[in-house]
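Reading through the structure tokens given below for one structure.
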Amino acid sequence: MADECEHAAGIKDVTPSALGCEECLKSGSWWVHLRLYRTCGHVGCRDDSPNRHATKHFHATSHPVIEGYDPPEGWGWCYVDEVFLDLGDRTTPQNGPIPRFV
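Just so it is clear: in the sequence shown, position 83 is 113 by the working numbering, and no numbers are missing.
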């Protein structure tokens with residue numbers, strides 16, 4: 031993990047909140063890629079998606095670290111310190127197939 035991020039120590043093993051962006055699934059919207067919060071398990075869509083739910087979750091909760099989750103990519107990002115984190119073998123497995131939008 032990055033030495034320059036004090037939030038790396040707070041990364042938890044979490045259960046994903048949904049099989050896709052939680053808010054997009056509820057509203058019928060679509061997403062580009064997913065981010066998983068390693069504090070609470072919330073799954074949101076990245077900023078290339080129309081609704082940017084992952085960043086909105088950060089602003090609402092201040093949960094600092096996300097994981098690239100679609101598919102699990104092995105990296106994290108700290109919104110507070112603006113640094114990438116190497117999650118190594120601590121990636122979160124998906125609970126099932128992620129829906130795709132074309």
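Backbone N, C-alpha and C fix where the C-beta goes; we use that ideal spot for every residue, glycine too. The structure presented is a predicted model; accordingly, all values stated were derived computationally and were not measured.
Straight-line Cα distance separating residue j from residue i
{"i": "P46", "j": "D78", "result": "21 Å"}
{"i": "E103", "j": "A90", "result": "25 Å"}
{"i": "F88", "j": "D119", "result": "24 Å"}
{"i": "V113", "j": "W107", "result": "6 Å"}
{"i": "H83", "j": "H72", "result": "10 Å"}
Where residue i sits in the DSSP three-state scheme
{"i": "C70", "result": "coil"}
{"i": "G106", "result": "strand"}
{"i": "G58", "result": "coil"}
{"i": "K42", "result": "coil"}
{"i": "E36", "result": "helix"}
Residues sharing a beta bridge with residue i, DSSP
{"i": "C51", "result": "Note: C51 sits in no beta bridge, so no partner."}
{"i": "I96", "result": "Y67 and W107"}
{"i": "L115", "result": "G106"}
Buried versus exposed, by CB contacts within 10 Å (16 or more), residue i
{"i": "G40", "result": "exposed"}
{"i": "C35", "result": "buried"}
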